[in-house]
Amino acid sequence: MAGYNAREVRRCYDLSADEYAKHFLNELDGKPYDRSVIERFSQMVPSRGLVYDFGCGCGHTTNFLAGFGRQTVIGLDFSEKSIELARRLFPKNQFDVDDMLSSHMEPGSAEGIIAFYAIVHFCYREVEKTLGEWFRLLKPGGYCLFSFHVGRGTLSVDNFLDIEGACATWRFLNTDRVLGHAESTGFLPYEVVERYPYADAEHPSKRAYVILQKPT
Ligand SMILES: C[S@@+](CC[C@H](N)C(=O)[O-])C[C@H]1O[C@@H](n2cnc3c(N)ncnc32)[C@H](O)[C@@H]1O
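Add 151 to a position in the sequence shown, counting from 1, and you land on the number used in my numbering.
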């Protein structure tokens, strides 16, 4: 089976950036668990601490987190079109182009990292690499919160959101295996929740929300 295809994924989100925002900009309104875990996370991170939102897409999670007025939040994504759109939609927030597999952000610069459904195209090799990047970017005691689709196998989509040429493969991940990589990276598991999808609002897959801490 082919591995993670960064070029294909970037092109998929570049092509579908506007349509993605039409579908998902207000999705948190219908996701009470996601809202509550982001709010709780924002309370765990020191009020002036820098937080990165990796794979931020159109920036709605970045803006939601910033709305608690507690952190400096920077939304990061490797899709330039998504970042251009996020800047237009949320001009008060900061957004930059960055690849979470080899980030340009300063080591030890962040008190927190969130990444909502950002690792959904990764194989375990990229999951492991990304966890290593997050560990490098976080200050000791910092937290990361990320989510993904739970399961096995893949789902390849040819015309994502009916956009011609927008192709990508989504990968379902095993929570214990992801946690194994997190622990071998050096993270301490803080909270792990698997939830069922919200009927009619989400793809019918189980989801995991993981909070890890870098030891002090
Ligand atoms: C399923 S979308 C999730 C977007 C947003 N976080 C949300 O919850 O709607 C996955 C996002 O991850 C980004 N992405 C995928 N691989 C990436 C990488 N290596 N570095 C940075 N962003 C990446 C994509 O461009 C896309 O915006």
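For each residue, glycine too, the CB sits at the ideal point set by N, CA and C.
Relative to ligand 1, the nearest heavy atom lies less than 8 Å away from the CB of residue 171. Rounded to the nearest angstrom, the gap between the Cα atoms of residue 271 and residue 249 is 17 Å. Following the DSSP letters along the chain, one finds residue 161 inside the alpha helix (DSSP H) bounded by residues 157-175. If you draw a straight line from the Cα of residue 360 to the Cα of residue 344, it comes to about 5 Å.
Taken atom to atom, the span from the alpha-carbon of residue 282 to that of residue 207 is near 17 Å.
Taking the Cα of residue 297 as reference, the smallest distance to any Cα among 260, 237, 189 and 255 is reached at 189.
The Cβ atoms of residue 205 and residue 157 lie no closer than 9 Å to each other. Per the Cβ contact rule, the segment 273-282 is not in contact with the segment 214-225 (fewer than 3 Cβ pairs under 8 Å). Looking at the DSSP output, residue 295 shares a beta bridge with 264 and 363. Less than 9 Å separates the beta-carbon of residue 289 from that of residue 365.
The alpha-carbon separation between residue 327 and residue 154 amounts to approximately 21 Å. In terms of CA proximity to residue 210, 236 leads the group 279, 220, 195 and 236. For residue 215, the CB stays at least 8 Å from every heavy atom of ligand 1. In this structure, residue 294 sits away from residue 225, with a CB-CB distance that is not shorter than 9 Å.
Using a Cβ distance threshold of 9 Å, residue 263 and residue 196 count as a contacting pair. Rounded to whole angstroms, the Cβ separation of residue 267 and residue 167 is 17 Å, and the two are not in contact under 8 Å. Taken through DSSP and simplified to helix, strand or coil, residue 231 comes out as helix. Residue 225 carries a strand assignment under DSSP once its states are collapsed to helix, strand and coil. Secondary structure of residue 277 (DSSP, three-state): helix.
Beta-bridge partners of residue 245 (DSSP): 225. Note on geometry: alpha-carbon atoms of residue 244 and residue 194 lie some 19 Å from one another.
Residue 337 holds the alpha-carbon nearest to the alpha-carbon of residue 280 among 337, 318, 308 and 170.
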